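Residue numbers (UniProt numbering): 1 to 343. For each residue, glycine too, the CB sits at the ideal point set by N, CA and C. Values in this document were obtained by computation on a predicted structure and should not be read as measured data.
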Amino acid sequence: LDTEYSADSVEFCPFEDYSQFLACGTYQLADSEIKHSEYDHEDNENIDNFDKVSAQPKKRLGKLLLYQIMNNESSVVMKEIQRIETSAILDMKWFCIYDQMILALADASGKVGLYGLNQDESQLDLIILYTVNNDNKLCLSLDWSDRLRLRYNNRSIVLSQSDGTVAVLSVDREFGILEKNRWMAHDFEAWIAAFNYHNTNIIYSGGDDCCLKGWDLRTDLSSSLHHQAGVCSIQSNPHSEHYLVTGSYDEHILLWDARIMKQPISNHHINGGVWRLKWHPKKNNFLLGACMHNGFHVIKNSSSMHKITSFMEHKSLAYGVDWSYTQNLAASCSFYDHVIHLW
1 LDTEYSADSV
11 EFCPFEDYSQ
21 FLACGTYQLA
31 DSEIKHSEYD
41 HEDNENIDNF
51 DKVSAQPKKR
61 LGKLLLYQIM
71 NNESSVVMKE
81 IQRIETSAIL
91 DMKWFCIYDQ
101 MILALADASG
111 KVGLYGLNQD
121 ESQLDLIILY
131 TVNNDNKLCL
141 SLDWSDRLRL
151 RYNNRSIVLS
161 QSDGTVAVLS
171 VDREFGILEK
181 NRWMAHDFEA
191 WIAAFNYHNT
201 NIIYSGGDDC
211 CLKGWDLRTD
221 LSSSLHHQAG
231 VCSIQSNPHS
241 EHYLVTGSYD
251 EHILLWDARI
261 MKQPISNHHI
271 NGGVWRLKWH
281 PKKNNFLLGA
291 CMHNGFHVIK
301 NSSSMHKITS
311 FMEHKSLAYG
321 VDWSYTQNLA
331 ASCSFYDHVI
341 HLW
């Protein structure tokens, strides 16, 4: 399906009764009149895809698209059911607060938006739009703390920004948002920040300074490790307490043991910058990777990581990818051709 604006983020609702809902976030420069082919982005310095954040303030538009996945006798059908005008969307994550399905958005205007899923009308309604900053800094990524739903009073969001800062926000039961922590984490863009899902006092961040950093919110202690290029994807394994995976523009996927972070325990070269990595919701050793110039891949981690299947139907930068939580299904989206696929 055509998403109209450039597509960069897809997220299936991870709760079984609502797993038919799929959100897609898009990003478009308001003043852009450049027509992109599948190759021209490699050489054109004027193009503003969000992995090259411009120093000049620009108006970035977005749309939040909500789809419903329906199973027919012989096929799976994706139907668009809602389209919301927003600022350009960089990242999204679902969460549940007191039985309310919440979608959090990080956007290019420096805001975090919380949208509630109206279950009767099958649509998203804006609850709050929280301004993180007023100085043209993009919110680049976000993550919820208790995605394992182990601590029902722990509702925090970590987000990363284009000036290198990382911030932690708390969300109360009335959906009020309060900033708890903020610090300068990276010398350049902080592309990604993520919680350790098994110990939410620990946060990981990755930046354009090639650094992977770990932060302990209790002590202000930090540690730093390096990829060979900017770190743009991090996810804690929800099934295995001590493991996390990182991806970088250096085209490598690294698996780490959080107890011994001196060097990765596995290293897989994927032939494309690794913009997003997602662990399978039920199988502890399968990963989905969105690999920019090299499509989308399913990777299995056993004694080492190896690719088991790929999806190469997109004609542009591979940015957004996610697993369905109830079906043997993945969704992916790409940038300049503004397309979303199920596979």
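The C-beta distance from Leu159 to Leu169 rounds to 7 Å, short enough to meet the 8 Å contact threshold. Following the DSSP letters along the chain, one finds Asp143 inside the beta strand (DSSP E) bounded by residues Cys139 to Trp144.
As computed with DSSP, Glu121 is found in no beta bridge at all.
Around the beta carbon of Lys278, 16 or more other beta carbons lie within 10 angstroms, which makes this residue buried. Sequence-distant partners of Met70 (beyond 5 residues in either direction) whose C-beta falls short of 6 Å from its own C-beta, in its chain, are Val77. Cβ neighbours of Glu189 within its own chain (closer than 7 Å, five residues either side excluded): Val53, Leu140, Ser162, Gly164, Gly207 and Asp208. In the DSSP assignment, Asn71 falls within the unbroken beta strand (DSSP E) covering Arg60 to Asn71. A distance below 6 Å between beta-carbons, with the five flanking residues on each side excluded, links Gly247 to the following residues of its chain, in chain order: Ser233, Ile253, Val274 and Leu277.
The DSSP-derived three-state label of Glu16 is helix. Beta-bridge partners of Ser156 (DSSP): Ser170. The beta strand (DSSP E) runs lying completely inside the stretch 294-341 and spanning 3 residues or more are 296-301, 305-311, 318-323 and 330-334, given in chain order. Each residue's CA atom was taken as its position, placing Asn271 and Trp191 some 20 Å apart.
Counted as a single uninterrupted DSSP element, the beta strand (DSSP E) harbouring Leu287 occupies residues Phe286 to Ala290.
In this structure, Gln228 is the residue among Phe195, Gln228 and Thr200 with its C-alpha nearest to the C-alpha of Cys210. Fewer than three Cβ pairs drawn from the stretch 254-264 and the stretch 290-297 lie within less than 8 Å of each other, which leaves the two stretches out of contact. Assigned with DSSP and collapsed to three states, Cys210 falls in coil, not helix or strand. In this structure, the alpha-carbon of Gly113 lies about 12 Å from that of Ala88. Met312 is classed as exposed because its beta carbon has fewer than 16 other beta carbons within 10 Å across all chains shown.
Per DSSP, reduced to three states, the secondary structure at Leu217 is coil, with no helix or strand assignment. Taken atom to atom, the span from the alpha-carbon of Leu103 to that of His314 is near 26 Å. Straight-line measurement puts the Cα of Arg60 at about 29 Å from the Cα of Arg155. Distance from the CA atom of Phe195 to the CA atom of Pro14, rounded to whole angstroms, is 17 Å. Spanning the alpha carbons of Arg218 and Ala318 requires a straight line of approximately 37 Å. Distance from the CA atom of Leu329 to the CA atom of Cys24, rounded to whole angstroms, is 16 Å. A check of alpha carbon separations from Asp172 across Leu29, Ile127, Trp183 and Gln235 identifies Ile127 as the nearest. Val166 places its beta carbon less than 8 Å from that of Ser205. For Val76, the uninterrupted beta strand (DSSP E) run begins and ends at Val76 to Ser87, by DSSP. Bounds of the beta strand (DSSP E) holding Asn181 are Ile177 to Met184. Close CB contacts of His306 within its chain, under the 8 Å cut and outside five residues either way in sequence, are with His268, Ile299 and Lys300 (chain order).
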